[in-house]
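Peer 1: Under my numbering, the first residue of the sequence shown is numbered 22, with each subsequent residue one higher. Just so you know, even glycine gets a beta-carbon here, dropped at the ideal spot from N, CA and C. Have a look at the structure that comes next, please.
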Amino acid sequence: MAEVSKVNKLKLPTRDLKAWLKGRQGWNHNDWLALLRDLRGKGYGVLTDVQEGRESIGKYLEANRSK
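In structure tokens, the structure reads:
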């Protein structure tokens, strides 16, 4: 339960996510896993290592992807 409350308090790494989205029309599962590894390496493990955090990242990407 503590991990979920940490996710709710953290801000998404929007700068990193915007940079990742730039020029992409879409992504596949391997791209997604690579993004999660990259974010984890940058200290966002609290987001990448729990389902709620991954869902928040995914929702952000879907909402901000190039149409």
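1. Check this for me: beta carbons of residue 82 and residue 38, under 8 Å apart or not?
2. Put residue 58 into one of helix, strand or coil per three-state DSSP.
3. From residue 61 to residue 87, what does the alpha carbon distance come to, in whole angstroms?
4. For the alpha helix (DSSP H) that contains residue 67, what are its first and last residues?
Peer 2: If we stick to the structure as given:
1. Closer than 8 Å, so yes.
2. helix
3. 24 Å
4. 66-69
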